[in-house]
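These notes concern the structure reproduced below.
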Amino acid sequence: MPERTSVTLHFVERGAGMPVLALHGWTPDHRLMLGCLEPVFAQRPGYRRLYPDLPGMGESPAPPRIAGSDDMLAAVEDFIDDTIGAEPFLLVGESYGGYLARALVRARPRQVLGLALICPPGRNLEKSERLVPERQVLRPDPELLASLDAPLAEEFADVAVVQTPETVRRFRDEILAGLHLADTAAMERIKQRWQLAEHPPEGDGQFDRPSLILTGRQDDSTGYLEQFALLPHYPRATYAVLDVAGHNLQIEQPALFDALMLEWLDRVAAESGREG
Numbered sequence: 016m017p018e019r020t021s022v023t024l025h026f027v028e029r030g031a032g033m034p035v036l037a038l039h040g041w042t043p044d045h046r047l048m049l050g051c052l053e054p055v056f057a058q059r060p061g062y063r064r065l066y067p068d069l070p071g072m073g074e075s076p077a078p079p080r081i082a083g084s085d086d087m088l089a090a091v092e093d094f095i096d097d098t099i100g101a102e103p104f105l106l107v108g109e110s111y112g113g114y115l116a117r118a119l120v121r122a123r124p125r126q127v128l129g130l131a132l133i134c135p136p137g138r139n140l141e142k143s144e145r146l147v148p149e150r151q152v153l154r155p156d157p158e159l160l161a162s163l164d165a166p167l168a169e170e171f172a173d174v175a176v177v178q179t180p181e182t183v184r185r186f187r188d189e190i191l192a193g194l195h196l197a198d199t200a201a202m203e204r205i206k207q208r209w210q211l212a213e214h215p216p217e218g219d220g221q222f223d224r225p226s227l228i229l230t231g232r233q234d235d236s237t238g239y240l241e242q243f244a245l246l247p248h249y250p251r252a253t254y255a256v257l258d259v260a261g262h263n264l265q266i267e268q269p270a271l272f273d274a275l276m277l278e279w280l281d282r283v284a285a286e287s288g289r290e291g
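This is the structure we're talking about:
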């Protein structure tokens, strides 16, 4: 099949079985998804997990022809054609990755068996236009912050709702590590055409397969209110707003995250005739 973008995405693969494509958000890399999903799949064998770096992030290049979100989406479609082909698969998207995931569902409604969205943007892609809560820290630990090196402390404190040694560790290893690899020039270029030509949710039809929409009550990046408007497009969606959780809800409420993801996997398995 001819490529549309000629961009080869770096990716990490784990396990064997039903494919699962996991798309990270804007500026981190595949380690964000690897860190939150591998504990889930440790409890559910039989899945082939694919964790690509999106163009311009991690180790994936973003040549000049990648000039907007439509090109990002085309690169992911090429990746699907190359690694999954026509086989049915499960789709997980976090933040901006959720924005792309919704477009993929629209493009491949029969191929995607189930959709999980983690802190996705709602009606508005631009942060300045989103309806989000005020910044709030519910589990502060000033002594912990004081013990960290200044750059880590600053970046962690900018987003963390729960400040513990474990959330620091996961933020550093799963999120911050990827942020430092991002091609900032490429990302500035892409952001000039950040909105897809067919912008969800206006372009969303109805996706009638098991879905999950997870939001954080204290998420001051994408919020939790606008995503409620997505529900008519996903009649089989569980919609959850997790308290004591911000934009990194997967590391701040890991037990709830795991439970909801496992239940989603079980719904998809039951729907597709697989054993849960």
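Reading the sequence shown from the start, the letters are residues 16 to 291 in our numbering.
Just so it is clear, CB atoms sit at the ideal spot from N, CA and C, and this is done for glycine as well.
The structure displayed is predicted, hence computed values, not measured ones.
Check your understanding: Near residue 251, what residues of its chain come up, given a Cβ to Cβ distance below 7 Å and the 5 sequence neighbours on each side ignored?
Key -> Cβ within range, chain order: 223, 224, 225 and 226.
Check your understanding: Out of curiosity, what's the CA-to-CA distance linking residue 57 and residue 270?
Key -> CA-CA distance, residue 57 to residue 270, rounds to 14 Å.
Point to revise | Proximal residues to residue 47 (C-beta, below 6 Å), its chain only, five neighbours per side dropped | key: Hits under 6 Å: 39, 189 and 190.
Check your understanding: Taking the DSSP output, what are the residues bridged to residue 133?
Key -> Its beta-bridge partners are 109 and 229.
Review point. Nearest-angstrom Cα distance between residue 158 and residue 164?
Key: Rounded to the nearest whole angstrom, the CA to CA distance from residue 158 to residue 164 is 12 Å.
Review point. By Cβ distance below 6 Å, which residues in the same chain neighbour residue 77 in space, the five residues on each side in sequence not counted?
Key: Taken in chain order, the residues that qualify are 70, 71, 198 and 201.
Check your understanding: Using CA coordinates, which residue listed in 282, 236, 287 and 275 is at the minimum distance from residue 55?
Key -> Nearest option by C-alpha distance: 275.
Review point. Hey, out of 261, 102, 120 and 133, whose CA is closest to residue 174's CA?
Key: The shortest C-alpha separation from residue 174 is found at 261.
Exercise for review: Please name the residue, chosen from 34, 135, 182 and 196, that lies closest to residue 100 on a Cα-to-Cα basis.
Suggested key: Taking only the C-alpha atoms, the option nearest residue 100 is 34.
Practice item. Return helix, strand or coil for residue 48, following the three-state DSSP convention. Key: Helix at residue 48.
Check your understanding: If you drop the 5 nearest sequence neighbours on each side, which residues of the same chain put their C-beta closer than 7 Å to that of residue 170?
Key -> Excluding its 5 nearest sequence neighbours in each direction, residue 170 has C-beta neighbours in its own chain below 7 Å: 191, listed in chain order.
Exercise for review: Assuming residue 154 and residue 127 form a contact by the criterion Cβ under 8 Å, report the distance between their Cβ atoms to the nearest whole angstrom.
Suggested key: In this structure residue 154 is not in contact with residue 127, their Cβ atoms being roughly 36 Å apart against a cut-off of 8 Å.
Practice item. Name the two residues that bound the continuous alpha helix (DSSP H) containing residue 180. Key: Counting along the chain, residue 180 sits inside the alpha helix (DSSP H) bounded by residues 180 to 185.
Check your understanding: What does a CB cutoff of less than 6 Å around residue 36 pick up in its chain, not counting 5 residues either side in sequence?
Key -> Excluding sequence neighbours, residue 36 sits near 65, 104 and 106.
Exercise for review: For residue 130, collect the residues of the same chain with a Cβ closer than 6 Å to its Cβ; drop the 5 residues on either side in sequence, then sort them by chain order.
Suggested key: The beta carbon of residue 130 sits closer than 6 Å to the beta carbons of 106, 120 and 226 from its chain, once the five residues preceding and following it are set aside; these are given in chain order.
Point to revise | Residue ranges of each beta strand (DSSP E) within the region 72 to 125, 3 or longer | key: The region 72 to 125 contains these whole beta strand (DSSP E) runs: 104 to 109.
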